[in-house]
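To keep things clear, I will list the structure first and then write my remarks on it.
Residue numbers (our numbering): 724 to 1052.
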């Protein structure tokens, strides 16, 4: 196995979301372990700085022009930007699967001929790499969903998962009076959520939108339930944030929600919106959560413990990465 002197992680500029934060966390932990690690922001045509939200991480920025043409440098690229690999013709490339569905541009469970056509057209036009072309590259996965996908395609990969930052570990919900409120992200599964809102007007639904991070946290801490019937392209952060804030979680069964590793909750809290009894099961589940919350929340203790251990698990993943791919000084 080839080993490297330097790691450069490619990150989309000006984005403050789960994926970019993980890319910064990776560089931070590599640096802490003595690795010569840098981040480069794309698009490469402009100069970018580290977002304020990530300035507490140890980050060394490098521009495209400063990256040497050397096989001793490993370039790490998220799965949504495989096309930029051609900017590094003399470097070794690793693809980090922060999601699965975002690579394709549509949920794998969705049989959309048009979107599939767009995916293949982009490959033909050189706007993304095919799995066949990526087969000989190094691969990392952020979720069990991605691991299973890569395994199905006969691609070996190393675990590089993620963790919530410490602001979500400071549990403040224990002394808060919980309200019978159903929270949801209006950007995910909204068609299903709107149908539930229409059919169950006795429940109070509240969208999480136009809020600061602090307001989101307070809202989660005060509410009993968070629902997510959208597609889960990777191991999503919002469900974990909700659970750490003391919410019961109900999800669908799409993407990473389908397995028991990425979202390890009892199956009765995972509802298939395609089943004929979906709405009746939803009502029964919500009624039980609202009337028996103190018992229902105990069902999420295992998930909370998993989330608490994620940072150490990530440190272990980084150590394995260093052992496998970095030349010892």
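Don't be surprised by glycine CBs; every beta carbon is placed ideally from N, CA and C.
Item                                                                                                                                                                      : Value
Could you tell me the distance, in whole angstroms, from the CA atom of residue 1020 to the CA atom of residue 1005?                                                      : 17 Å
For residue 1013, which residues of its own chain have a beta-carbon under 8 Å away from its beta-carbon, when the five flanking residues on both sides are left out?     : 903, 947 and 948
Short of 8 Å in beta carbon distance, which residues of its chain neighbour residue 785, apart from the five on each side in sequence? Order them along the chain.        : 731, 761, 762 and 763
Residues in its own chain within less than 6 Å of residue 746 by CB, not counting five upstream and five downstream?                                                      : 732 and 734
Quick check for students: name the residue ranges of the beta strand (DSSP E) that lie wholly in the stretch 900 to 959, counting only runs of 3 or more.                 : 902 to 907, 927 to 930 and 946 to 951
Who are the near neighbours of residue 984 in its chain, counting only those whose CB is closer than 7 Å to its CB and skipping five residues on each side?               : 867
Pairing CB atoms from the stretch 824 to 844 with CB atoms from the stretch 914 to 922, are three or more of them under 8 Å?                                              : no
How would you write the range of the alpha helix (DSSP H) that residue 824 sits in, first residue to last?                                                                : 824 to 827
Tell me the DSSP secondary structure of residue 759 in three-state form.                                                                                                  : strand
Would residue 816 and residue 782 qualify as a contact pair, given that the criterion is a beta-carbon distance under 9 Å?                                                : no
Using a Cβ-Cβ cutoff of less than 7 Å, which residues in the same chain neighbour residue 835 once the five nearest sequence positions on both sides are dropped?         : 829
Checking the sheet assignment: what are the DSSP bridge partners for residue 863?                                                                                         : 819 and 881
Find out if the Cβ-Cβ distance for the pair residue 813, residue 793 is shorter than 9 Å.                                                                                 : yes
Secondary structure at residue 972, three-state DSSP: helix, strand or coil?                                                                                              : strand
Would you list the residues sitting across from residue 727 in a DSSP beta bridge?                                                                                        : 1049
Give a yes or no on contact between the stretch 964 to 982 and the stretch 1020 to 1035, applying the rule of three or more CB pairs nearer than 8 Å.                     : yes
Between residue 837 and residue 755, what straight-line distance do the alpha-carbon atoms span, to the nearest angstrom?                                                 : 45 Å
I need the straight-line Cα distance from residue 808 to residue 765, nearest angstrom please.                                                                            : 12 Å
Taking only the alpha-carbon atoms, compute the straight-line gap between residue 797 and residue 727 and give it to the nearest angstrom.                                : 6 Å
So, do the stretch 994 to 1004 and the stretch 927 to 934 have three or more beta carbon pairs nearer to each other than 8 Å?                                             : no
Out of curiosity, what's the CA-to-CA distance linking residue 1027 and residue 966?                                                                                      : 7 Å
For residue 825, which residues of its own chain have a beta-carbon under 8 Å away from its beta-carbon, when the five flanking residues on both sides are left out?      : 802, 803, 956 and 957
For residue 1048, which residues from the same chain have a beta carbon less than 7 Å from its beta carbon, with the 5 sequence-adjacent residues on both sides left out? : 726, 727 and 797
Grouping DSSP H, G and I as helix and E and B as strand, with all else coil, what is residue 1029?                                                                        : helix
Mind reading off the beta-carbon distance from residue 978 to residue 912? Whole number of angstroms is fine, and I expect it under 8 Å.                                  : Not a contact, Cβ separation roughly 11 Å.
Could you give the residue range of the alpha helix (DSSP H) that holds residue 854?                                                                                      : 854 to 857
Where does residue 743 fall in DSSP's three states?                                                                                                                       : helix
For the candidate residues 822, 887, 1044 and 885, whose alpha-carbon lies nearest to that of residue 871?                                                                : 822
Taking C-beta to C-beta, are residue 744 and residue 885 nearer than 9 Å?                                                                                                 : yes
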